[in-house]
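What follows is one structure encoded as C-alpha cells, with my remarks underneath.
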Amino acid sequence: MNDQFTEQFDGLIEKYTELLTGENDFELQEKVRYWALYSYIAKSMPALAKHWNTTYPEAKQDMIKLIQEIKKLNDDYREQKEKA
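The opening residue of the sequence shown carries number 0 in numbering that gives the first Met the number 0; numbering runs sequentially from there.
See below:
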C-alpha cells in the first residue's frame, strides 16, 4: 500500500468515527477500527471469532467492553442529534 492510500483510508476511518460517535480523536478511531474489523470477522467467519473468543477469554471481555462503549457513544450521539 502506498502512503496516499493510507492517508485516504485514515480519512475514511476518521469521518466514520465522527459520524458514528460525534467524536474523532485518534484513540477512538483505533477503537472503531478494532470494532469494525471484529464485527466483520464475526459475521463472515463466526467459527474463527468463536475460536478466538475461547482462546483469549480476557481479550473477548475487552472486546465486549469496546463494543458496549462504541454502542453507548453512538446511542448518546444520536440522542443528542435528535434533541438539536
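C-beta atoms are modelled at their ideal positions from N, C-alpha and C, and glycine is treated no differently.
{"Check": "CA nearest to the CA of F25, picked from P45, N1, I12, L47", "Outcome": "I12"}
{"Check": "Simplified DSSP assignment, three categories, for E86", "Outcome": "In the structure as shown, the chain begins at 0 and stops at 83. Residue 86 is therefore absent and cannot be evaluated."}
{"Check": "Cα-Cα separation, M44 to T16", "Outcome": "24 Å"}
{"Check": "Straight-line Cα distance separating G10 from Q67", "Outcome": "24 Å"}
{"Check": "Extent of the continuous alpha helix (DSSP H) to which A83 belongs", "Outcome": "No alpha helix (DSSP H) holds A83; DSSP gives it neither H nor E."}
{"Check": "Neighbour-count burial assignment, M62, 16 or more Cβ in a 10 Å radius", "Outcome": "buried"}
{"Check": "For L117, the nearest candidate out of L18, F4, M0 (CA to CA)", "Outcome": "With the chain covering 0 to 83 only, the question about residue 117 has no answer from this structure."}
{"Check": "Residue environment, I40, which counts as buried when at least 16 other CB atoms sit within 10 Å", "Outcome": "exposed"}
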